[in-house]
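Novice: Numbered per the working numbering, the sequence shown spans residues 115 to 396.
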Amino acid sequence: MGSGLAQSILSVRDLEVAWGDRQGLSLDNLELGTGELLGVIGPNGAGKTTLLRALAGLMRPQRGQIKLDGADLRKLSPRQVARLVGYLPQVRAIHEDLTVAELVARGLLPMGAMSAAESRRAVQEALELCGIAELRDRRLSQVSGGEGQKAWIAFAIVRRPKVLLLDEPTSHLDCRHQMEVLELVRRLCSEGVAAVVALHDLWLATRYCYRLLVVDRGRPVALGPAESVLDTELLRGVFGVEAVAASLPAGGRAWLPAAPSGPTTVEGGDGRERLRERGARR
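#1: Would DSSP call R388 helix, strand or coil?
#2: Measure the C-alpha to C-alpha separation of A236 and L249 and round it to an integer number of angstroms.
#3: What are the uninterrupted segments assigned as beta strand (DSSP E) that are 3 or more residues long and contained completely in the region 149-178, given in chain order?
#4: From which residue to which residue does the alpha helix (DSSP H) around G260 run?
#5: Compare the C-alpha of K162 against each of Y324, L141, R188 and name the closest.
#6: Apart from the five residues just before and just after R193, which ones in its own chain have a Cβ nearer than 8 Å to its Cβ?
#7: Within its chain, find whatever has a CB closer than 6 Å to the CB of G118; leave out the 5 residues flanking it on each side and keep chain order.
#8: Ends of the beta strand (DSSP E) at S342?
#9: So L202 packs on A270, CB below 8 Å; how close in whole Å?
#10: Kindly indicate which three-state DSSP category E282 falls into: helix, strand or coil?
#11: Would you mind sorting Q292 into buried or exposed? The rule is 16 or more other CB atoms within 10 Å of its CB.
#12: Going by beta carbon distance, what residues of the same chain come within less than 7 Å of R127, once the five residues before and after it are set aside?
#13: Are the Cβ atoms of A308 and V277 separated by less than 7 Å?
#14: Sort out for me which residues DSSP pairs G134 with in a bridge.
#15: Per DSSP, which residues does S122 bridge with? Please list them.
#16: Using only alpha-carbon positions, find the residue among C244, G351, R331, L316 that is nearest to W369.
#17: Looking at the structure shown, is Y322 part of a helix, part of a strand, or coil, going by DSSP?
#18: So, does the region 277-289 touch the region 203-214, judging by three or more C-beta pairs under 8 Å?
#19: Taking the beta strand (DSSP E) that V311 belongs to, which residues open and close that run?
#20: Assign D128 to one of three DSSP states: helix, strand, or coil.
#21: Are there 16 or more other CB atoms within 10 angstroms of the CB of D330, so buried, or fewer, so exposed?
#22: Distance check for E341 and P363, CA to CA, integer angstroms please.
#23: What three-state label does DSSP hand G116 in the structure shown?
#24: Would you kindly check if the distance between the Cβ of V214 and the Cβ of A265 is under 7 Å?
#25: Give the DSSP-derived three-state secondary structure of L182 in the structure shown.
Rendered as C-alpha cells:
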C-alpha cells in the first residue's frame with residue numbers, strides 16, 4: 115500500500131498528554147488509514163513513547179480526543195481496546211522459560227474466556243502470519259533476537275487487532291533482523307492492519323514506512339510521505355546530524371546520517387516548532 119490514506123481507523127484531534135516529569139506531547143491532528151504504516155521518529159525524549167502509550171489507552175490525555183474505529187477511546191472498556199489495539203512496548207518482561215507458543219497465547223488473556231480449540235487456532239494463525247510456526251515449541255531462551263522479536267509481534271497480533279503499536283521493534287537487532295522485522299510489519303499492513311512504529315534509525319524509517327511523523331521536544335515538526343518529508347535542514351535541526359539521501363534499488367530513497375552537526379532548531383516566525391505537511395492528508 116502506498117502513502118495515500120485509506121479508510122481512517124485511528125484519528126487524533128487536539129491531543130495533549132503529559133507523563134510526570136517526562137516530556138509530554140502535543141498533536142493537533144493525525145489520521146491513520148487501514149493498512150498504513152506510519153513511522154514516528156525523533157531524538158530520545160521527543161515524545162514517541164508517550165504518543166504510543168496514549169494511543170494504546172495507557173495514558174489519559176489532558177486534552178483532546180483519540181478515536182479508534184470511530185469510537186472515542188475514553189469510552190471503550192479495556193477489553194474493547196484490547197480487541198482493537200495490539201501494543202508492544204520497548205521494555206518488556208522477560209519470559210525466557212516460556213515457549214514461543216506459550217508467549218503468544220498470553221496475548222489472548224485480555225479477551226477473556228476462550229475454548230482450548232479457539233486459543234490453539236488463534237496462536238497457530240499468529241505464528242504462521244509471522245513466519246515462525248516452526249518455532250512454536252522452542253523456548254524463548256533458544257531463539258535468536260530477530261526470532262524473539264517476531265514472537266513478540268505474534269503476541270501483539272494474536273487477538274487480530276486493527277491497530278498495531280510498536281515501540282522501537284528493531285532495537286538491539288542486527289541489520290538483517292531489523293529488515294526482517296519491518297518486512298513482517300509491512301506484510302501485516304498488507305493484510306489490513308494499521309501500524310504505528312516508533313523508530314530511531316532514519317534509513318529504516320524512510321525505507322519501510324509509508325508516512326513519517328517527526329516529533330521533537332513533545333511537538334510535531336513534520337508529517338508526510340516518507341520519501342519526501344525529510345530534508346537536510348530538518349534532519350540537522352531535529353537530530354543534529356548531517357545526512358545524505360541514498361537511492362534504493364527498487365526506487366525511492368532513504369536517508370543516512372553522515373556526521374554530527376551543531377545544534378539548531380526548526381522554528382517558525384514565533385519561535386515555536388512548525389509542523390510541515392508535504393503532500394499528505396493529516
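The C-beta atom is built at its ideal place from N, Cα and C for all residues, glycine as well.
Owing to the predicted nature of the structure, the values given are computational and were not obtained by experimental measurement.
Specialist: In brief:
#1: Taking the first residue of the sequence shown as 1, we reach residue 388 at position 274. Because R388 sits at a pLDDT of 47, beneath the cut-off of 50, its placement in the model cannot be relied upon, and the point is left open.
#2: Locating residue 236 in the sequence shown gives position 122, where the first residue counts as 1. Locating residue 249 in the sequence shown gives position 135, where the first residue counts as 1. Straight-line Cα distance between these residues: approximately 16 Å.
#3: Fully contained in the region 149-178 are the following beta strand (DSSP E) runs of length 3 or more, in chain order: 151-155.
#4: On the sequence shown, position 146 is the one that residue 260 refers to. 259-271 is the span of the alpha helix (DSSP H), which, as asked, contains G260.
#5: The residue given as residue 162 occupies position 48 in the sequence shown. Of the candidates Y324, L141, R188, the one whose C-alpha sits nearest the C-alpha of K162 is L141.
#6: Reading the sequence shown from its first residue, position 79 is the one you call residue 193. Excluding positions up to five away in sequence, the list reads P224, M225, G226.
#7: Taking the sequence shown and counting its residues from 1, the one referred to as residue 118 is at position 4. Bear in mind that the predicted position of G118 carries a pLDDT of just 47, short of 50, making it unreliable; the figure below should be weighed with that in mind. Here the set comprises nothing.
#8: In the sequence shown, the residue the question calls residue 342 occupies position 228. Element bounds for S342: n/a, residue is neither H nor E.
#9: Along the sequence shown, read from residue 1 onward, the residue named residue 202 stands at position 88. Along the sequence shown, read from residue 1 onward, the residue named residue 270 stands at position 156. L202 to A270, Cβ: 5 Å. Contact.
#10: For the purposes of this step, residue 282 is taken as residue 168 along the sequence shown, with counting starting at 1. The three-state reading of DSSP puts E282 in coil, since its state is none of H, G, I, E or B.
#11: In the sequence shown, the residue the question calls residue 292 occupies position 178. Buried, because 16 or more other Cβ atoms sit within 10 Å of the Cβ of Q292.
#12: Along the sequence shown, read from residue 1 onward, the residue named residue 127 stands at position 13. Hits under 7 Å: N143, G178, Q179.
#13: As a working mapping, residue 308 is identified with position 194 in the sequence shown. As a working mapping, residue 277 is identified with position 163 in the sequence shown. V277 sits close to A308, with the two beta carbons spaced by under 7 Å.
#14: By one-based count along the sequence shown, residue 134 stands at place 20. Answer is none; G134 lacks a bridge partner.
#15: Position 8 of the sequence shown holds residue 122. G147, per the DSSP bridge assignment.
#16: Locating residue 369 in the sequence shown gives position 255, counting from the first residue. The shortest C-alpha separation from W369 is found at L316.
#17: Walking along the sequence shown from the start, residue 322 turns up at place 208. Three-state DSSP puts Y322 in a helix.
#18: yes
#19: Counting from 1 along the sequence shown, the entry for residue 311 is found at position 197. Counting along the chain, the beta strand (DSSP E) containing V311 begins and ends at 308-313.
#20: For this step, residue 128 is matched to residue 14 along the sequence shown. The answer is strand: DSSP assigns D128 an E or B state.
#21: Here residue 330 refers to the residue found at position 216 of the sequence shown. When all chains shown are included, D330 counts as buried.
#22: Here residue 363 is taken as the residue at index 249 of the sequence shown, counted from 1. Here residue 341 is taken as the residue at index 227 of the sequence shown, counted from 1. In a straight line, the C-alpha of P363 is about 14 Å away from that of E341.
#23: Walking along the sequence shown from the start, residue 116 turns up at place 2. Only weak support exists for where G116 lies, its pLDDT of 44 falling under 50; the value from the coordinates is given anyway. G116 falls in the coil class under three-state DSSP.
#24: What you label residue 265 is simply residue 151 of the sequence shown in a count that begins at 1. What you label residue 214 is simply residue 100 of the sequence shown in a count that begins at 1. Taking 7 Å as the Cβ cut-off, A265 and V214 qualify as a contacting pair.
#25: As a working note, residue 182 is residue 68 in the sequence shown. Here L182 sits in strand by DSSP.
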